[in-house]
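Down below is the structure, laid out as structure tokens.
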Amino acid sequence: MRPVRALRVYLDPMHALVLAVALVLPLHGKTVVIDPGHNGANWSHPAEINRLVDAGGFRKACDTTGTSTSDGYTEAGYNFDVALRLARILRHDGATVVLTRTSNDGVGPCIDERAAIGNRAHADAAISIHADGGPSGGRGFHVIYKPNAPESRRLALDVRQAFAPATGEPYSTYTGHDGLDVRTDLGGLNRSTVPKVLIETANMRNAEDARLLESPAYRQREASGLARGLERFLS
Ligand code: ZN
């Protein structure tokens with residue numbers, strides 16, 4: 441009789457439901473903040489985006505316009521597209537996702553507010569998505585983390601490890617080391633109290649990278665790679 445009773449307790453519907461949710465939704469209970477760099481109307485609002493804010497012990501402009509490919513595909517639009525693709529995947533896996541901006545036709549928010557959004561959400565992980573405006577002869581991606589922040593570094597390693605095979609994109613040939621960089625001048629990282637990284641997914645000024653970034657199918661592969669990296673970090 442006893443084993444049967446024990447079995448009935450184990451199959452209690454609520455416990456079975458909790459188990460099923462955990463198996464089907466690997467990010468259930470996790471909060472991820474996605475920060476698509478810049479914004480589509482920053483270029484036409486210089487006074488707002490040049491306003492100085494606290495970037496972590498020093499003053500820096502609220503934001504910049506971002507870069508673009510040579511045929512005019514803007515970084516702000518690209519960042520936002522990849523962020524939406526990533527958000528869809530993470531929500532499908534059960535995560536709570538917060539975006540620092542919800543359109544690409546506005547101004548800001550400033551870098552300090554982008555960090556504050558992640559802090560207020562008590563994010564388990566936060567990622568800023570950018571594409572670089574580097575020298576046209578260089579290509580590749582790099583992930584930037586905070587100095588003296590082991591969780592930021594661990595997130596950077598997990599994102600790097602998943603992003604490279606998902607996209608085939610090489611480590612940056614013109615900056616950082618082995619696809620990684622540490623920077624102290626980025627307010628969005630400095631002001632974050634949650635594990636956060638910034639990825640420069642490619643170099644928009646390089647013809648080969650630009651061709652890839654302009655492909656929706658490629659951007660979907662990038663989003664999958666980022667999602668896999670975040671899942672690795674959060675599991
Ligand atoms: Zn950028």
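Per my numbering, residue 441 is the first one in the sequence shown, and the count goes up by one each step.
The C-beta atom is built at its ideal place from N, Cα and C for all residues, glycine as well.
This structure is a prediction, so every number in the text was calculated from the model and none was measured.
{"Query": "As a quick exercise: from A563, A571, A556, pick the residue whose alpha carbon is nearest that of T505.", "Result": "A571"}
{"Query": "When the Cα of T542 is compared with those of G534, A516, N559, which residue comes out closest?", "Result": "A516"}
{"Query": "Quick one: grab the DSSP three-state call for H617.", "Result": "strand"}
{"Query": "Helix, strand or coil for V461? Go by DSSP, reduced to three states.", "Result": "helix"}
{"Query": "How many Å lie between F520 and G477 at the Cα?", "Result": "8 Å"}
{"Query": "Using 8 Å as the threshold, is the C-beta distance between G496 and N630 below it?", "Result": "yes"}
{"Query": "Starting from the C-beta of R593, find all residues in its chain whose C-beta is less than 7 Å away, skip the five residues before and the five after it, and write them out in chain order.", "Result": "Y585"}
{"Query": "Would you report the Cα separation of H617 and D649, rounded to the nearest angstrom?", "Result": "19 Å"}
{"Query": "Please write down, chain order preserved, every residue whose beta carbon lies under 5 Å from a heavy atom of the ligand ZN.", "Result": "G477, G506, H570"}
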